[in-house]
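Quick note: the sequence shown uses the working numbering, first residue 7, plus one each step.
For every residue, glycine included, the Cβ atom is placed at its ideal position computed from N, Cα and C.
Quick caveat, the model's predicted, so the values are computed rather than measured.
These notes are about the structure you will find just below.
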Amino acid sequence: MQFFSKDLVNSALIPPTGQGMFEGVVSDNFDKRIDQKIFHAEIVVDSAKVSAETKTYESIPTIADFTNEDGSDNLKETIEVNYRKVKQEILSLVETEIQRIKNTPVLSHLFPDK
7 MQFFSKDLVN SALIPPTGQG MFEGVVSDNF DKRIDQKIFH AEIVVDSAKV
57 SAETKTYESI PTIADFTNED GSDNLKETIE VNYRKVKQEI LSLVETEIQR
107 IKNTPVLSHL FPDK
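Shown next, in the form of C-alpha cells:
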C-alpha cells in the first residue's frame with residue numbers, strides 16, 4: 007500500500023469554512039461503492055450548555071511538582087533519579103530470580119555451571 011502526500015483535491019477548490027463547518031471528499035473501494043463521495047457538514051454546538059458545563063469543571067490536582075524551592079525546574083533530574091531507581095530494582099529482581107532458579111532443583115539445569 008502506498009500513501010501519497012500530494013493533495014488529491016486542489017485546496018483552491020475548497021471554499022473557506024466557518025467554525026464548526028467541515029467538508030471533504032472520500033474514495034470508495036472496488037467492492038464497496040460510495041455514491042456520495044463529496045460531503046459538506048456542520049457541527050452544531052449548544053453554546054449555553056457547553057458554557058454551563060465548563061463552569062462546573064474542577065482543576066486537575068497537582069500530583070507531582072517538579073520545581074525546586076528556588077522555582078527552578080528539576081524535571082530532568084527527577085526523571086533521571088527515577089530511571090536509575092527502576093533500573094536498579096530490575097537488576098535486583100533479575101538477580102533474585104536467577105538465584106531462585108539456581109536453588110530450585112527442577113530448574114537448576116537452566117543455569118549449568120561453567
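Express the C-alpha separation of residue j and residue i in angstroms, rounding to a whole number.
i    : j    : result
R90  : L113 : 31 Å
K93  : D71  : 23 Å
F117 : N109 : 10 Å
H115 : E95  : 26 Å
T62  : I85  : 34 Å
E103 : L97  : 10 Å
S33  : A58  : 40 Å
G77  : Q25  : 40 Å
Hey, out of the options, whose CA is closest to residue i's CA?
i   : options            : result
V31 : I44, I104 and Q105 : I44
Which of the three DSSP states, helix, strand or coil, is assigned to residue i?
i    : result
T110 : coil
Does any residue of chain C bring its CB to less than 8 Å from the CB of residue i?
i   : result
D41 : Of the protein chains in this structure there is only one, and it is not chain C.
Q | Every unbroken alpha helix (DSSP H) within the stretch 12–100, with a cutoff of 4 residues, ordered by chain | A | 53–61
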